[in-house]
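Please read the structure below before turning to the comments.
Residue numbers (this note's numbering): 2 to 310.
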């Protein structure tokens with residue numbers, strides 16, 4: 002018989018336990034403990050985040066996070082993440098965590114909340130039982146960086162540079178301008194430069210010498226980012242974007258092909274990427290590179306406006 006479940010607010014000292022739960026739960030999750038700590042320290046107060054940890058017999062068995070989505074202008078847009086270690090599912094841990102997070106979201110005036118569920122039908126039934134409706138569908142794929150296709154030839158006027166060589170202001174301007182129409186269920190309306198600098202550019206896992214910018218006649222037109230947990234030898238593409246006026250020229254293919262070669266040289270043997278299934282051009286690039294799908298995830302959305310006080 003299971004012992005009593007205890008739920009309390011997390012502290013930053015709980016981050017290693019949170020990381021262990023996430024690594025055990027998701028095959029695509031590779032972020033380091035230092036990266037988790039950075040996320041904690043760079044969370045904006047206006048996000049009104051609540052973090053919870055579930056323990057049984059003193060062991061962390063689940064965690065949950067919820068608050069406002071501060072990267073969109075949609076009023077009251079929010080999010081919730083509930084994660085339970087695979088060895089402790091089906092015992093009411095997720096339900097107990099979620100109930101407290103939803104109460105928090107209602108209390109702060111959240112209107113629409115987004116969660117995620119894997120392709121496991123049990124995960125999806127869990128979300129639907131709590132009033133969520135299925136939204137966007139993401140594909141996770143991976144490749145061995147030792148097995149890459151030939152590097153595409155660079156057209157006249159096209160050069161490449163690392164993120165470090167391009168510099169933070171140039172990369173920020175490109176990233177913000179090119180990311181506004183990324184597929185998804187909530188709009189992306191930008192991040193202030195100082196927050197972007199702390200949360201992304203200076204993140205412990207960000208590989209500034211691997212991430213690549215493609216320039217056309219000196220204009221930064223395309224960028225691909227890669228974060229890595231070097232202890233695991235695994236990297237995660239955290240975004241590839243091209244300015245609208247430069248799309249359709251194969252720049253994303255060049256950026257990722259160059260970055261993946263540098264990743265291999267840096268000791269990153271496995272590269273993982275994620276794409277919305279409606280993003281056919283980027284999926285085609287990743288298929289050409291040799292990425293193989295291995296998992297998928299669905300967004301789930303719930304309207305809270307009618308319930309909010």
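Built from N, CA and C at the ideal position, the CB exists for glycine as well.
Residue i versus residue j: straight-line alpha-carbon distance, rounded
i: residue 133; j: residue 126; result: 9 Å
i: residue 235; j: residue 30; result: 10 Å
i: residue 285; j: residue 56; result: 43 Å
i: residue 94; j: residue 70; result: 24 Å
i: residue 292; j: residue 258; result: 12 Å
i: residue 281; j: residue 73; result: 24 Å
i: residue 96; j: residue 64; result: 11 Å
i: residue 200; j: residue 33; result: 14 Å
i: residue 290; j: residue 203; result: 28 Å
i: residue 195; j: residue 8; result: 34 Å
i: residue 99; j: residue 12; result: 18 Å
i: residue 218; j: residue 154; result: 16 Å
i: residue 283; j: residue 150; result: 16 Å
i: residue 148; j: residue 264; result: 12 Å
i: residue 80; j: residue 262; result: 35 Å
i: residue 90; j: residue 229; result: 29 Å
i: residue 279; j: residue 238; result: 18 Å
i: residue 301; j: residue 87; result: 20 Å
i: residue 252; j: residue 122; result: 37 Å
i: residue 274; j: residue 209; result: 17 Å
i: residue 271; j: residue 40; result: 23 Å
i: residue 130; j: residue 175; result: 41 Å
i: residue 165; j: residue 227; result: 13 Å
i: residue 187; j: residue 303; result: 12 Å
i: residue 240; j: residue 6; result: 38 Å
i: residue 365; j: residue 107; result: Because residue 365 is not part of the residues shown, which for the chain are 2 to 310, the question remains open.
i: residue 22; j: residue 42; result: 20 Å
i: residue 4; j: residue 61; result: 13 Å
i: residue 142; j: residue 254; result: 16 Å
i: residue 179; j: residue 112; result: 27 Å
i: residue 170; j: residue 205; result: 19 Å
i: residue 173; j: residue 211; result: 16 Å
i: residue 309; j: residue 38; result: No answer about residue 309 holds up, because its pLDDT of 40 lies below 50 and its placement is not dependable.
i: residue 76; j: residue 82; result: 20 Å
Buried or exposed by the 16-neighbour rule on C-beta atoms within 10 Å, applied to residue i
i: residue 243; result: buried
i: residue 2; result: The predicted model places residue 2 with a pLDDT of 42, which falls under 50 and marks its position as unreliable; any figure quoted below should be read in that light. Residue 2 is exposed by the Cβ-count criterion.
i: residue 181; result: exposed
i: residue 36; result: buried
i: residue 19; result: buried
i: residue 183; result: exposed
i: residue 14; result: exposed
i: residue 245; result: exposed
i: residue 168; result: exposed
i: residue 85; result: buried
i: residue 10; result: exposed
i: residue 54; result: buried
i: residue 68; result: buried
Anticipated Cβ contact below 8 Å, residue i with residue j, distance rounded
i: residue 160; j: residue 216; result: 5 Å
i: residue 105; j: residue 45; result: Residue 105 to residue 45, Cβ: 16 Å. No contact.
i: residue 247; j: residue 136; result: Not a contact, Cβ separation roughly 29 Å.
i: residue 28; j: residue 295; result: 7 Å
i: residue 102; j: residue 49; result: Residue 102 to residue 49, Cβ: 12 Å. No contact.
i: residue 138; j: residue 297; result: 6 Å
i: residue 267; j: residue 223; result: Contact flag wrong, Cβ pair sits at about 21 Å.
i: residue 177; j: residue 191; result: 5 Å
Beta-bridge pairing of residue i - partner residues as DSSP gives them
i: residue 277; result: 139
i: residue 63; result: 55, 85
i: residue 265; result: The partner list for residue 265 (beta bridge, DSSP) is empty, contrary to what the question assumes.
i: residue 68; result: 80
i: residue 6; result: 57
i: residue 302; result: 115, 134
i: residue 161; result: 215
i: residue 271; result: 145, 235
i: residue 297; result: 140
Which runs of the alpha helix (DSSP H) spanning at least 4 residues fall entirely within the stretch 78-145, listed in chain order?
Those alpha helix (DSSP H) runs which fall completely within the stretch 78-145 and span 4+ residues are 94-109, 122-130.
Practice task
Note down, one range per segment and in chain order, each beta strand (DSSP E) of at least 3 residues found wholly within the stretch 175-256.
Solution key: 213-217, 220-230, 235-243
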